[in-house]
Amino acid sequence: MLALLTHWWSLITVALKAHSRCPHHQFDERALCLPRLLPAILTAAETAAIIEATEAAAAKRNYTSSRHTYYATVDLPVSTVYADGGAQAAAAKRAVHKARNATIDDLIHRCGATDPVLHDGFVIKYSTSRQAGLEQHGDGGRYSATVALRRPRLSGVNVPDYASLEPQTCELRKRGFANETCNAAFPERTFSREHFSPEYPLLTYDEFCPLSCLGQSCDEVEPHLRTKCDCGVCASTLTTRENDAYDFDGGGTRFSSLRDVVFSPEMGGAVVHGARLKHGGEDERLDSASLQLTKARETQREERQRATHYAQELSNQQLTHRKFAADCAVALRAAEVDRGLWRLKSGLKRHHLALRSIAYQRLMDALRKKRPASPIMRRTPSWSQKSAASAERRRDALRRQGTAIAGYY
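In structure tokens:
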């Protein structure tokens, strides 16, 4: 469940509960309902109303983290948004109901859902870095739908090269363990680190990969024969586009259950899927050049700030030493020899400590030029960096954050 929004993500997760009994897992639509993007189910005004009402409610109640104890998110139930959302509460409620109806229609017609009902709707909020760290998981209920409330940098569907190369072959799989992902043999495949079970199965993304080839299942065809059919059409499928104007610079929703296919809805759009498909955050692999450029700019700003701070400290030390020397001269001329010598000794000691501090600063600057700062140092700016933060840096920070809405059916 993910989506994309301005300072933060805000998702409305719509979880639908259809039956009290669950069919056998082989025919369970909780897993077999593959994800799909539904475009433009909400307008910009409607997404803005949800955001404003949620922030108003959060100012009174605060976001909670109990729903996703093991994941880096905070959220508010839509019932709280309706009750404490202020002037936009009614508009937010209408928008949520509109999104609910659109996603329910898709579940009925595409996945065969029977009388789905929204039983858990909430607004989720998290930063870009936390969104990328959202571990793969399944949702409660039978279906999930997430509506993006802000403009993302990337939108669409991205299928990695290896999504069409199933089956992955290793000894356990040859011996009949169908859910074995052979992660030791295929370390580059992120999903191979996941554990799959009948409840959380490993599937093929059939929207891009055909089910049959030469009268057989594609999984049963030898690789050298696949050139005679279309079993490889899903390789490198990239329908993701980069938007010129965006509010959120995060990733999309990665489905490890579908061999790492990534779905990124546009603002007002939704991704709808079975709740038992493992999904989670997507890192910013497609944005490495942009990230490197941003880091280089931040490093240059930090170096300029350090140089300015060092020059100011040195100037202050020089003024202090000149004043001290003048005071000592006056004391000596007044024949206060003992007092003058004492002050001179104390001042030289302070001067020595100041020189040691300056030398240490120069040494640390030299070391920083030879090796990159540790992740902790990068994440913890000094007081001088905080005080010198510019409007440009704040705008950059906003582009690395987002908001959206989500729910269970």
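Residue numbers -20 to -1, 1 to 389, in mature numbering (1 follows the signal peptide of the UniProt record, and there is no 0), belong to the letters of the sequence shown in order.
Backbone N, C-alpha and C define an ideal beta-carbon position, used for all residues, glycine too.
Remark: C-beta atoms of residue 12 and residue 91 approach each other more closely than 9 Å.
Residues 143, 171 of the same chain have their beta carbon placed closer than 6 Å to that of residue 239, with the five preceding and five following residues left out of the count. Residue 126 carries a strand assignment under DSSP once its states are collapsed to helix, strand and coil. The Cβ-Cβ distance between residue 232 and residue 138 falls below 9 Å. The C-alpha of residue 26 is placed about 11 Å away from the C-alpha of residue 128. Contact annotation: residue 153 and residue 254 have beta-carbon atoms that are not nearer than 9 Å. Look at residue 222 here: in three-state DSSP terms it is strand. In the DSSP assignment, residue 154 falls within the unbroken alpha helix (DSSP H) covering 151 to 154.
Classified as buried, residue 245 has 16 or more neighbouring CB atoms from the shown chains inside 10 Å of its CB. Unbroken alpha helix (DSSP H) runs of no fewer than 4 residues, entirely contained in the segment 15 to 89, are found at 24 to 41, 58 to 64, following chain order. Partner residues in the beta bridge of residue 135, as assigned by DSSP, are 221. It is roughly 42 Å from the alpha-carbon of residue 242 to the alpha-carbon of residue 345. Rounded to the nearest angstrom, the gap between the Cα atoms of residue 257 and residue 62 is 30 Å.
Classified as buried, residue 259 has 16 or more neighbouring CB atoms from the shown chains inside 10 Å of its CB. The C-alpha of residue 131 is placed about 28 Å away from the C-alpha of residue 88.
Around the beta-carbon of residue 101, 16 or more other beta-carbon atoms lie within 10 Å, marking it buried. Burial check for residue 39: the Cβ neighbour count within 10 Å stays below 16, so the residue is exposed.
Comparing alpha-carbon positions, the option among 176, 157, 140 lying closest to residue 168 turns out to be 140. In this structure, the alpha-carbon of residue 31 lies about 37 Å from that of residue 177.
Judged by DSSP secondary structure, residue 254 falls within the beta strand (DSSP E) whose first and last residues are 250 to 254.
Exclusion of the five residues before and after residue 236 leaves 116, 171, 174, 258 as the residues of its chain whose Cβ lies within less than 6 Å of its Cβ. Assignment of residue 240 by DSSP, reduced to helix, strand and coil, places it in the coil class. Within 10 angstroms of the beta-carbon of residue 19 lie fewer than 16 other beta-carbons, which makes it exposed. Burial is judged here by how many other beta carbons sit within 10 angstroms of a residue's own beta carbon; residue 299 has fewer than 16 and is exposed. Linking residue 97 to residue 84 through their CA atoms gives a straight-line distance of about 8 Å. Residue burial annotation: residue 250 is buried, with at least 16 other C-beta atoms found within 10 angstroms of its C-beta.
Annotated three-state conformation of residue 234 is strand, per DSSP.
Where residue 157 is concerned, there is no enclosing beta strand (DSSP E), because DSSP gives it neither an H nor an E. Leaving aside the five residues that flank residue 73 on each side, the residues in its chain whose CB is nearer than 7 Å to its CB run, in chain order, 62. According to the DSSP assignment, residue 176 belongs to no beta strand (DSSP E), since it is labelled neither H nor E. Counting along the chain, residue 105 sits inside the beta strand (DSSP E) bounded by residues 97 to 105. By the C-beta density criterion, residue 292 is exposed, having fewer than 16 other C-beta atoms within 10 angstroms. A direct Cα-Cα distance of roughly 21 Å separates residue 95 from residue 17.
A Cβ-Cβ separation of about 5 Å places residue 104 in contact with residue 55 under the 8 Å criterion.
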